[in-house]
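**Student:** Sending over a structure as structure tokens; questions will come in a sec.
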Amino acid sequence: MEHYYQPEIECASREEILELQNERLVKQVKHVYDNVPYYRKKMEEAGVTPEDVRSVDDLHKLPFLTKDDLREAYPYGLVAVPLEDCVRIQSTSGTTGRRVVAFYTQHDIDLWDECCARAIMAAGGTKEDVVHVSYGYGLFTGGPGLNGGSHKVGSLTLPMSSGNTDRQIQFMCDLGSTILCCTPSYAAYLGETINEKGLKDKIKLKAGIFGAEAWTEEMRRDIEKSLGIKAYDIYGLTEISGPGVSFECSEQTGMHINEDHFIAEIINPKTGEVLPEGEKGELVFTSITKEAFPLLRYRTRDICVLTREKCSCGRTHVKMTKPMGRSDDMLIIKGVNVFPSQIETVLLNKGYAANYQIIVDRVNNSDTLEVQVEMTPEMFSDSVSEVSKKEKELVDALKSMLGIYAKVRLVAPKSITRSEGKAVRIIDKRNLYQ
Amino acid sequence: MTVQQISVFLENRPGGLAEFTRVLSENNIDMRAMCIAETPDFGILRIIVDDVYNTVCTMKEAGYICSVTKVLAVEIPDKPGSLLHTLTVLGESDINLEYSYAFTTRKKDVAYMILRVNDNERATEVLTEHGIKLVDQEEISRL
């Protein structure tokens, strides 16, 4: 039986949803225009006034927001309410400029929690469930999002956070966790460990909600088998709220976007032109209910396809495919956003050549990152401890820039291929986007 | 009194050392001594040669990263206990030994130890004081 958190909205007719969207969009554009000078300027430059946006059909008139805008407006430039009305921030990893800091009013958090509650119920969750949240808590949206969603559903929530696998498994066994929320790679690791310990018949998991990184259908089957569950995908981004922007239902043919809160468009990433339904392009979101951090036409850089085909689950909201790639060079490694330019900055700061290569792989369902750097005469020494010391300094600097461990591999000079034109800096062996 | 050691960066992969020694061979470079310090990813090859300048030029031309370091070369009797004596002198003088390696030649019935220490001057002083013979670059080249 399909469970819904808000069936009246989740299964509303297209007309009802459109009506909601039109009304909310008009209100939101005015709210942003009046309270966010940064976006107001963009609108003025584009020659658009709030009066020009009377319905979703007019959305295309509005200028896009990109990560560059977020950087330029950091930290308060896109906040649309007085700070005293904000109750929380969440943030992505990365240093200033790349780090996204999003603000929330209590109302924003309530709506975000509701989105996550829809995802949990779509995965079969009810108030009788024990929801085991192993996403990180803190600045990362994963933990707080699913935690809040689970509260809304009324499930018993286990705010485990990430790490300490032995304790995770012990709680799972002792408290009978039924729904697991974490990254797919951690789910795979948990599955492996549980099987190694012979505890599979001690756990009561029935479903998992996994997101924050790309995963394949093959990985889904692996996880489902090793944990004996049904695995659901969830999508989101801090800029827009966090997990729960869209989520999978029982049909598992895409993720329903919560259209009463977010209007989705697909654009041609090169021209910005809006593409018709069914075409592959860059996903763009407009938040129509957020108060504190309402982004209009935010370019996610995720490439996917939208479909309005009728879904057997009964939900009517548009579905998006899993992201099929990126329109920029961002990598998601262990759920963390990594830009090659961040790595380049560290290398140059530390006196290495900008000729480098990034090797990303997935070993035993866990991402690995290796940065290959060419040895320079300045870095070289006859002493292993000296060279290792410099290598470690680089590892530490990368860790503080990226937030994750990167293995550094020093290679011979000129051994990294110099390509003509655009250098091939990234070798992603994971084949996540098939 | 020191001798010059050439250190070369080598990736830790099959054939890496062979390629390097081919360059030496093609340029008629004779190694007196060699030692490799390895890590999982790379190695540092240290060599003592007869013609340092020529070797360094050849290495650089072949695209290797190398550096020249002053190290000590001591001549010790090729019999048990003689290394102990040298190391005891260094240890008692609080001189730290980072690495060392040994070689022998056909011409003399002695062994040579290459010593990389933290203070060449002081080490030269105490070793000489204790009657331990140090070898200079010229002598190495003649060996």
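Protein chains in written order, with my numbering: chain A, -19 to 414; chain B, 17 to 159. Built from N, CA and C at the ideal position, the CB exists for glycine as well.
Just grab the DSSP bridge partners of I497(A) for me.
**Tutor:** Because chain A here runs from -19 to 414, residue 497(A) falls outside it and cannot be looked at.
**Student:** Rounded to a whole number of angstroms, what is the C-alpha to C-alpha distance between Y84(A) and L412(A)?
**Tutor:** Y84(A) and L412(A): Cα-Cα distance of roughly 32 Å.
**Student:** Where E373(A) and E366(A) are concerned, what is the direct C-alpha to C-alpha distance, given to the nearest angstrom?
**Tutor:** 11 Å
**Student:** Report the option in D376(A), L217(A), K270(A), K330(A) whose CA atom is closest to the CA atom of I417(A).
**Tutor:** Within the shown structure, residues of chain A are numbered from -19 to 414, placing residue 417(A) beyond reach of any answer.
**Student:** Does DSSP put F151(A) in a helix, a strand or coil?
**Tutor:** helix
**Student:** Smallest Cα separation from S109(B): which of I60(B), N134(B), I130(B)?
**Tutor:** N134(B)
**Student:** Looking at the structure shown, is H11(A) part of a helix, part of a strand, or coil, going by DSSP?
**Tutor:** helix
**Student:** Output, in sequence order along the chain, the residues in the segment 384 to 397 of chain A whose CB is closer than 8 Å to any CB in chain B.
**Tutor:** R389, L390, V391, A392, P393, K394, S395
**Student:** What residues are listed by DSSP as bridge partners for H40(A)?
**Tutor:** Partner(s): none; H40(A) has no beta bridge.
**Student:** Quick one: what's got a C-beta closer than 6 Å to V388(A)'s C-beta in the same chain, skipping five residues either side?
**Tutor:** When the five nearest sequence neighbours on each side are left out, the beta carbons in the same chain lying within less than 6 Å of the beta carbon of V388(A) are those of V351, E371, L374, V375, in order along the chain.
**Student:** With H, G and I counted as helix, E and B as strand and the rest as coil, what does DSSP make of K22(A)?
**Tutor:** helix
**Student:** Measure the C-alpha to C-alpha separation of S157(B) and T121(B) and round it to an integer number of angstroms.
**Tutor:** 12 Å
**Student:** Is D179(A) helix, strand or coil by DSSP?
**Tutor:** As written in the sequence, residue 179(A) is Leu, which differs from the Asp given in the question. In the structure shown, L179(A) sits in coil (DSSP, three-state: anything other than H, G, I, E or B).
**Student:** Considering only their Cβ atoms, is the gap separating E(-10)(A) from R295(A) smaller than 8 Å?
**Tutor:** yes
**Student:** In the DSSP output, which residue or residues are listed as bridge partners for E245(A)?
**Tutor:** V264(A)
**Student:** So what's R79(A) in DSSP terms, helix, strand or just coil?
**Tutor:** DSSP places R79(A) in coil when its eight states are reduced to three.
**Student:** Taking a contact to mean a Cβ-Cβ separation below 8 Å, would you say L5(A) touches V36(A) in this structure?
**Tutor:** The answer is yes: Cβ separation under 8 Å.
**Student:** May I ask you to list the residues that DSSP assigns as paired with T85(A)?
**Tutor:** C66(A)
**Student:** Beta-carbon of M101(A) versus every beta-carbon of chain E: anything under 8 Å?
**Tutor:** Protein chains in the displayed structure are A and B, and chain E is not among them.
**Student:** Along the beta strand (DSSP E) that carries P223(A), what are the first and last residues, could you check?
**Tutor:** 222 to 228
**Student:** What first and last residue would you give for the beta strand (DSSP E) that runs through E350(A)?
**Tutor:** 346 to 354
**Student:** Going by the C-beta, is S35(A) closer than 7 Å to any heavy atom of the ligand HEM?
**Tutor:** The ligand content of the structure shown is nil, which means the ligand HEM is not present either.
**Student:** With a cut-off of 8 Å on the beta carbons, I'd call I220(A) and Y278(A) a contact; round off their distance for me.
**Tutor:** 7 Å
**Student:** Step through the CB atoms of chain B and report whether any lies within less than 8 Å of the CB of D362(A).
**Tutor:** yes
**Student:** Taking the continuous alpha helix (DSSP H) assigned at E379(A), which residues delimit it?
**Tutor:** One detail in the question is off: residue 379(A) reads as Lys in this sequence, not Glu. Looking at the DSSP string, the run of the alpha helix (DSSP H) that includes K379(A) is 364 to 382.
**Student:** Can you tell me which residues form a DSSP beta bridge with P139(A)?
**Tutor:** V113(A)
**Student:** Determine contact between the segment 139 to 154 of chain A and the segment 234 to 243 of chain A, defined as no fewer than three beta-carbon pairs at a distance below 8 Å.
**Tutor:** no
**Student:** Taking the beta carbon of C162(A) as the centre, do at least 16 other beta carbons fall within 10 Å, making it buried, or is it exposed?
**Tutor:** buried
**Student:** Looking at the unbroken alpha helix (DSSP H) that takes in D110(B), where does it start and where does it end?
**Tutor:** Note, D110(B): premise wrong, no alpha helix (DSSP H); not H, not E.
**Student:** How many whole angstroms separate the CB atoms of H112(A) and I159(A), which I take to be in contact at a CB cut-off of 8 Å?
**Tutor:** 7 Å
**Student:** Which whole-angstrom value describes the C-beta separation of V9(A) and P30(A), a residue pair presumed to lie in contact below a C-beta threshold of 8 Å?
**Tutor:** With a Cβ gap of about 5 Å, V9(A) and P30(A) count as contacting.
**Student:** Taking the continuous beta strand (DSSP E) assigned at P30(B), which residues delimit it?
**Tutor:** From DSSP, P30(B) is part of no beta strand (DSSP E); its letter is neither H nor E.
**Student:** By the DSSP assignment, the beta strand (DSSP E) with M47(B) in it spans what residues?
**Tutor:** 47 to 54
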